[in-house]
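Reading through the structure tokens given below for one structure.
Numbering (this note's numbering), first residue to last: 12 to 510.
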């Protein structure tokens, strides 16, 4: 995660005898982070009703976490490198647990939004520290591959588990327990980490690009707030325009800072290669579409179809399965065909799925509309995710590999937060306009109309992603290598899957 950090000579060349126990601890921490996102999505309608959150502001439950996590991920990796990965891991766990408790007992929407932002900040410290700990704990290549396989399996399965657990807790206990459940697990995991995880840190003087962190985070928050304000006051409102202009200025200042500082948070050279630039832009756009889809589909199933929290959680499981299927297929196809066909085909398939989502209606059926759309879109996303991560690493300089890998996740999180805010504003405005034109009796139809309009914009984002993949990602062939050696695509896939 650091472009300048170097490992000191090993003080103990023998394998850590507690390394597999340490892996269990690290895997539990990753499970907490993955569970949190899907659990909260299922609980969102109940939380909105309990705290009186407006339709315009409900997206902050998602975006506050995603903005903090995506915006601080690179900084969190650098802090972990220099402060100590074990120390950062433990602090991240404890902080995540405390933030979850604050969110679980929140009495106002502001308290809940703040707690979600804190969760994201501590997750941004914990996640890169966990990955680095696996790397330094497992020094033998085959053992390291197994360790990353366990870590990746937890990440994939945890999302599905979170959907079910979120539904059960929301329906039979309270939406608050979807957050409170994290606290005892996080604290216990932190105590276990103190006992079994070995400390490691990078050599060299710690340097943090704090101006870059401040300007980038403030710019993104202002952008999301501008989208939210547009829903309440209109796009032509002077306050809305002022906030959006401030966001653009802050982001421009961030780019200037990154070009001039000697130790940038986000080296601009990582974007200069066209394939990587294409991968990052496609990640941003797919994140926008994916996060928005989850938000509106939860409300459609619980609010329109009348599903319980448990039933809506189970109804999302085909999406998790589809992503796993698509990613598994991509892993076998990538070394043979290169990333371009998978990225173009995957995003195009996801666009078809979004088009199917646009067909939902008040009288709609899960089996005839939602399920086919989930299957098509999820397989496409699985194909795209693997090719995105691998493209970000093919040909990248060794000292930029951590940054390039983390940027795929960062772009997806940032795109998701921006997309959720923007699409929520578009959906709410479309609903209000429909009801104003057709009368109060059309509220149910107007609500679904807002969802379909938002899905239409998500479709536009995916079509733009298809075009960018076609234009920017070159038609690479899998390079020839001596028998028994890995291709660059295979090596990139292993590293990107780990990160």
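Quick reminder that beta carbons are idealized off the backbone N, C-alpha and C, glycines included. These numbers were taken from a predicted model, which means no experiment stands behind them.
{"Asked": "Contact defined as beta carbons within less than 8 Å: I believe residue 298 pairs with residue 424. What is the distance between those atoms, to the nearest angstrom?", "Found": "7 Å"}
{"Asked": "Counting only the same chain and skipping the five closest in sequence on each side, list residues whose C-beta sits under 7 Å from that of residue 468.", "Found": "434 and 437"}
{"Asked": "Rounding to the nearest angstrom, what Cα-Cα distance links residue 264 and residue 474 in this structure?", "Found": "30 Å"}
{"Asked": "Restricting to Cα atoms, I'd like to know which of 464, 81, 130 and 177 is closest to residue 371.", "Found": "464"}
{"Asked": "Give a yes or no on whether the C-beta atoms belonging to residue 114 and residue 127 are separated by under 9 Å.", "Found": "yes"}
{"Asked": "Alpha carbon to alpha carbon, how far is residue 238 from residue 104?", "Found": "32 Å"}
{"Asked": "Reducing DSSP to helix, strand and coil, say where residue 339 ends up.", "Found": "helix"}
{"Asked": "Could you please give the first and the last residue of the uninterrupted alpha helix (DSSP H) stretch that includes residue 365?", "Found": "350–368"}
{"Asked": "Going by beta carbon distance, what residues of the same chain come within less than 6 Å of residue 290, once the five residues before and after it are set aside?", "Found": "399, 402 and 403"}
{"Asked": "Three-state secondary structure (DSSP) at residue 375?", "Found": "coil"}
{"Asked": "Given a threshold of 16 other Cβ atoms within 10 Å of its Cβ, counted over all protein chains shown, does residue 451 qualify as buried or as exposed?", "Found": "exposed"}
{"Asked": "What first and last residue would you give for the alpha helix (DSSP H) that runs through residue 41?", "Found": "30–62"}
{"Asked": "Would you call the CB atoms of residue 341 and residue 397 closer than 9 Å?", "Found": "yes"}
{"Asked": "Consider the Cβ of residue 176: report whether some Cβ of chain B lies at a distance smaller than 9 Å.", "Found": "Absent from the structure is chain B; it holds one protein chain and no more."}
{"Asked": "In this structure, does DSSP put residue 239 in helix, strand or coil?", "Found": "helix"}
{"Asked": "If you draw a straight line from the alpha carbon of residue 484 to that of residue 343, how long is it in whole angstroms?", "Found": "20 Å"}
{"Asked": "Just how far apart, CA to CA, sit residue 506 and residue 449?", "Found": "Low local confidence applies: a pLDDT of 45 at residue 506 is under 50, so the model's placement there is unreliable, with the coordinate-based value given in what follows. Distance between the alpha carbons of residue 506 and residue 449: 54 Å."}
{"Asked": "If you draw a straight line from the alpha carbon of residue 110 to that of residue 151, how long is it in whole angstroms?", "Found": "36 Å"}
{"Asked": "Going along the chain, which residues of its own chain have a beta-carbon closer than 7 Å to the beta-carbon of residue 230, five neighbours each way excluded?", "Found": "258, 261, 262 and 265"}
{"Asked": "Tell me whether residue 246 sits in a helix, a strand or coil according to DSSP, three-state version.", "Found": "coil"}
{"Asked": "Under DSSP, the alpha helix (DSSP H) around residue 393 begins and ends at which residues?", "Found": "382–402"}
{"Asked": "Is residue 178 near residue 43, with beta carbons less than 9 Å apart?", "Found": "no"}
{"Asked": "When you compare each of 118, 392, 445 and 46 to residue 193 by their alpha carbons, which one comes out closest?", "Found": "46"}
{"Asked": "Between the segment 317–332 and the segment 373–392, do three or more beta carbon pairs fall short of 8 Å?", "Found": "yes"}
{"Asked": "If contacts are defined as beta-carbon pairs under 8 Å, then residue 367 and residue 394 qualify, I think. What distance do you get, rounded to the angstrom?", "Found": "Not confirmed; about 17 Å, so no contact."}
{"Asked": "Measure the alpha-carbon distance for residue 466 versus residue 183 and round it to whole angstroms.", "Found": "31 Å"}
{"Asked": "Out of 121, 33, 88 and 377, which has the shortest C-alpha to C-alpha gap to residue 64?", "Found": "121"}
{"Asked": "Classify residue 330 as helix, strand or coil using the three-state DSSP reduction.", "Found": "helix"}
{"Asked": "From this set, 418, 68, 36 and 287, which residue's C-alpha is nearest residue 241's C-alpha?", "Found": "68"}
{"Asked": "Would you kindly work out how many angstroms separate the C-alpha atoms of residue 30 and residue 206, rounded to a whole number?", "Found": "12 Å"}
{"Asked": "Taking 7 Å as the limit between beta carbons, can you name the residues of its chain near residue 186, skipping five residues before and five after?", "Found": "54, 57, 58 and 61"}
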